[in-house]
Ligand code: PAF
């Protein structure tokens, strides 16, 4: 597996399958790499902790950084290269990086968009830059970040001149046997907090009984609910008859923010 630090080195991989990450790779990321590898002989994993998508500086400071382990995990999962750009490669100091316009699903639902102002602007900016540098033919995003995945799908769909040849894939959420969705932030949980974090998947399990039922489960686990809602699965706005719905939760404990979602 190659390690790429420069735009020139990355250029040799144009047309690759791209797996954008912020590192701290876990089995969820590995399943995305494996899925890309089934479709492409050249799979590039980008590892870049993107400062522009963190609305809370403390969250950015404590975000896990585990590069050596990430390189080993990416290689074991079948990556052909890992792109680890310095910050000024992604955000050149001598000019502004393009800010893609935000699609409606990044502003209307009042979910992650409302709880993390500026977050999707940062996500779209960095992913647009990665797409423009790597020029992938395929890229994959995890369903665990359901709203992010929809935002990026809409961003690509709204720019056919730029990314008309790029196909996006969805990667299913990977869970621990007890239901906890894998997340890089799980590494920050103490054993007691990890037990309480199970409230998210348990709340999703009662989503058919409505939002109040989900909230009750989150309360029982001592979680601070930011939202626990049932929405149209594609627009993330109000549900409509005969259209798929999705239950989505964001909740915190001791300053650690967790999200999860499922069909219902
Ligand atoms: O989901 C993530 O890890 C990040 O938001 C992404 C898509 C890699 C952009 O920094």
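In this note's numbering, the protein residues as written are 1 to 264. We treat Cβ as the ideally placed atom computed from N, Cα and C, and that holds for glycine.
Residue state for residue 89 is assigned as helix, using DSSP reduced to three classes.
The nearest non-hydrogen atom of the ligand PAF is less than 8 angstroms from the C-beta of residue 21. Where residue 251 is concerned, the enclosing beta strand (DSSP E) starts and stops at 245–253.
The alpha-carbon separation between residue 209 and residue 8 amounts to approximately 53 angstroms. A distance below 8 angstroms between beta-carbons, with the five flanking residues on each side excluded, links residue 137 to the following residues of its chain, in chain order: 15, 16, 17, 40, 165, 166, 167. Distance check between residue 251 and each of 10, 185, 236, 118 places 185 closest, using alpha-carbon atoms only. Under the rule that a run must span 3 or more residues, the beta strand (DSSP E) segments found entirely inside the stretch 3–30 read 17–21. Residue 96 and residue 19 have their C-alpha atoms spaced approximately 25 angstroms apart. Going by beta carbons, residue 48 and residue 90 fall inside the 9 angstroms limit. In the DSSP annotation of this structure, residue 182 is not part of any alpha helix (DSSP H), being labelled neither H nor E. For the stretch 110–166, the continuous alpha helix (DSSP H) assignments of 4+ residues that do not extend past its boundaries occur at 112–115, 119–134, 146–157, 160–163, in sequence order. Excluding residues up to 5 positions away in sequence, 5, 48 lie with their Cβ nearer than 7 angstroms to the Cβ of residue 85 in the same chain. Here the alpha carbons of residue 112 and residue 176 stand approximately 24 angstroms from one another.
The residues 20, 152, in chain order, have a CB closer than 7 angstroms to that of residue 127 in the same chain once the five nearest residues on each side in sequence are set aside. Annotated as proximal: residue 203 and residue 249, with beta-carbon spacing under 9 angstroms. When DSSP states are grouped into helix, strand and coil, residue 219 belongs to the helix group. Per DSSP, the unbroken beta strand (DSSP E) holding residue 46 starts and ends at 43–47. Nearest in C-alpha terms to residue 142, of all of 264, 117, 182, is 182. Under the three-pair Cβ rule at 8 angstroms, the stretch 19–35 counts as touching the stretch 51–66. Put simply, the backbone Cα of residue 59 is about 19 angstroms away from that of residue 125. Residue 93 is not a Cβ neighbour of residue 3, given a cutoff of 9 angstroms. With a cut-off of 8 angstroms, the C-beta of residue 167 is classified as distant from the ligand PAF, since no heavy atom of the ligand falls inside that distance.
In the three-state reduction of the DSSP assignment, residue 242 falls in the coil class. At least one heavy atom of the ligand PAF is found less than 8 angstroms from the C-beta of residue 142.
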